[in-house]
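In full-length UniProt numbering, the protein residues as written are 1 to 882.
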């Protein structure tokens, strides 16, 4: 086999190997400009080193024999002992910024060149049109003015080609891109700015257009060549100015003066406390650990280990919080009223308790978990260096408890890691056995399994296994930690509690930020973009610290008391109650000169801050009353109406697919006679709704309606051998149908919010129930020929003594009312039948009464509603409404 290395560092293969290509094709090359090895079969850059190169060509391209040996020899020639000693760069090192060429450089030979897009407001490069549009919507990088003739012509050409024309596409330009790696790890740069889609389109038009295009391109190149030195100097100067401005923005500044400081930031003293500190470093140190599934996508093993260690710490705090919540059920109500009071001389009217929504307690817990993770990240710096870089101060007692906590954390994290590695090996062995078993199957056996899978309970694909793995991943760390020995977990939990309590039980004077918990509250005042968090957003962090501190302090005061047990004695219980009253007055009230007292003062000021400041209006009408301005975005009333109709139309399109095309034909809508539906607005009992009312039997609620329509599509029939017919689910068709139903639900969700009249709060729409539950009535009724949604207006039902807030009724228009009735009466029962017969994991049975739900998310929350509202409003009216 003949091969040689040319002057450009190419390995030319002259064999007739089909994997490497026909004779003379280059399969590996050294890029002299970037000092990286290029695989010309991918084409992409590959890791240097003989082992990496050998593994790549053998596994990815099935290169073997002498050809593989020559490739490895070519890579070995750059080793220190080789014929061309040098150190090629690693293309996977994302920290090597100098690895990528500058924008506008000539294309690299051996790499593929792509047509892409570049954002004019930032260096966002992409090849995908949807990514381009999504970036401009989310980053708000679109222009109102400065729309040139060239862009207008570009947009007209796109419109003729069938693309949707919209003003949001103005702020981009077509470019040619290259990347060393392929998606999803691509990092693009721009090559030869003159070679864009404009030049290609002009060259593909008429002959006269070709001449004009080439002339204009030549003129552009001539000007660029004449002023190349000056343009290069200007670009370098602008780059230096931009870097200096970015570095200046990274640091916290405290200029002082009424013209420079926000009253909120001045009151909180964030700028003076964090002056000179790196905002990005502070924000990154205060982030929560990523979930288990995202952790597996981290590139470096040390990052995965560090994140798993912090997840162990977060789970320990959750156990301590759960212990405190259990204590609330074993103390007198009078004690809980004192715990809920900020006045040391008077108890509150309502006792302290759990939040109405479990997500609120989880969110509060997350804030404290972030505080513990922040402390764990800065401990390696040392006490003095942590104060210098972050501005955080610890007392000797707090630093000692923090060191003990990290020591116990390392012990538990090591055990968890070893057990995870052991289980990973076991899972790998099981997968290998499974692959060997699959290889032994014949085609006849596979067909037989697919036909009988649903009857025997055996899945014919890996969907159920994937769903089960996802469910196990949600449990994640808890399953692993449950296998640990109790003494190890108890020691970690005790250390976590001691450290947190030491941060609460500290007397403070004027210098409040000498407490690590209050310092972290200042860190949370820095947003991801480096701006300060406004008052209305920051008070939720303070509320979380206050709530968790009360729970842990309650458990601390009553830790050794067997109240409400067989061994309880009055003397013991009242001794604990006396300790509670002393501690409550000393640490948990306003004016106690403690961290909790400071947090109470901050919350009081933050909640009334907008009234004191008389802040700027976020919404105002134009003079012609045809548009409103929301956060700087002009929203025309006609545009909003168009958006509302578009959302409703999309939901109707999906419903038409779900009903086999019988919705738009008018057959099914005509069968829903809204004025004939009988319903009651009073509580009737668990599971009762208009769909269970006997007077509505003509509506045929249940799964049979859609089963008769979609039966042939979703099931196949076969003889059972005894003269009867056996029905088998078409699993792929059922899965597709359930995905359609999910898409319909995601469109009906925002449509209900928009068309129901005055929009309510997110939780009002997210927690809608279509039938009564054991203790509460439903929210969906049919009244006077319309679907009415009755919800609780108040944010907290405790505002009116726990008797419930003011009720608000919202009526859906006729078109959407019919869709809601079809969804409740036909689609929801049919969905349950499909999940059961196809053996596909669906929402839990306990979630049956709720309207918006899924197996992955459970009951949908406000975040999902905000996401879909932002997407549809960003596309239709170019303003993110949530």
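Idealized CB from N, CA, C, for every residue including glycine.
Here the C-alpha atom of residue 758 lies approximately 8 Å from the C-alpha atom of residue 810.
Residue range 633–636 is occupied by the beta strand (DSSP E) that includes residue 633. If you draw a 10 Å sphere on the C-beta of residue 426, you find fewer than 16 other C-beta atoms in it, and that means exposed.
DSSP assignment within the region 653–721 yields the following whole alpha helix (DSSP H) runs of 4 residues or more, N-terminal first: 667–671, 704–714.
Rounded to the nearest angstrom, the gap between the Cα atoms of residue 501 and residue 775 is 38 Å. Annotation: residue 286 to residue 328 spans about 30 Å, alpha carbon to alpha carbon. Cβ contact annotation for residue 44 (same chain, cutoff 6 Å, sequence separation greater than five): 181, 182, in chain order.
Here residue 675 is exposed: its Cβ has fewer than 16 other Cβ atoms, across all protein chains shown, within 10 Å. Comparing alpha carbon positions, the residue from 242, 651, 264, 350 closest to residue 819 is 651. With 16 or more other CB atoms across the displayed protein chains lying within 10 angstroms of its CB, residue 178 is buried. Between residue 324 and residue 552, the beta carbon gap of about 5 Å places them in contact (Cβ cut-off 8 Å). Sorting 305, 361, 520 by C-alpha distance to the C-alpha of residue 418 places 305 at the top. By the 16-neighbour rule on beta-carbons within 10 angstroms, residue 130 is exposed. By the CB criterion at 8 Å, residue 717 and residue 726 fall inside the cutoff. When rounded, the separation of the alpha-carbon atoms in residue 645 and residue 845 is 34 Å.
Three or more pairs of CB atoms, one per stretch, sit closer than 8 Å, so the region 698–713 contacts the region 820–836. The DSSP-derived three-state label of residue 357 is coil. In this structure, 27 is the residue among 27, 102, 95, 100 with its C-alpha nearest to the C-alpha of residue 72. The continuous beta strand (DSSP E) containing residue 792 extends over residues 786–792.
Distance check between residue 732 and each of 839, 867, 665, 389 places 839 closest, using alpha-carbon atoms only. The three-state reading of DSSP puts residue 174 in strand, counting E and B together. Judged by beta-carbon spacing, residue 515 lies beyond the 8 Å limit of residue 524, meaning their Cβ atoms are not closer than that value. Per DSSP, reduced to three states, the secondary structure at residue 548 is helical.
In the DSSP assignment, residue 321 falls within the alpha helix (DSSP H) that extends over 301–328. Between the C-alpha atoms of residue 517 and residue 588 there is a straight-line separation of about 14 Å. The distance from the Cβ of residue 344 to that of residue 527 is about 35 Å, inconsistent with a contact at the 8 Å cut-off. Taking C-beta atoms as the reference points, residue 745 and residue 663 fail to come closer than 8 Å.
The shortest C-alpha to C-alpha distance from residue 814 to any of 539, 756, 189, 241 is the one to 756. Rounded to the nearest whole angstrom, the C-alpha separation of residue 724 and residue 715 is 16 Å.
For the pair of segments examined, the region 103–121 was found to touch the region 29–43: the number of CB pairs separated by less than 8 Å reaches three. Here the C-alpha atom of residue 406 lies approximately 17 Å from the C-alpha atom of residue 393. Per DSSP, residue 598 is one residue of the alpha helix (DSSP H) stretching across 595–607. Here residue 29 really is in contact with residue 40; their C-beta atoms are around 6 Å apart, less than 8 Å. Residue pairing by DSSP places residue 629 opposite 620, 634 in a beta bridge. Bounds of the alpha helix (DSSP H) holding residue 740 are 731–755.
Relative to residue 679, the option among 597, 607, 786, 659 whose CA is nearest is 786.
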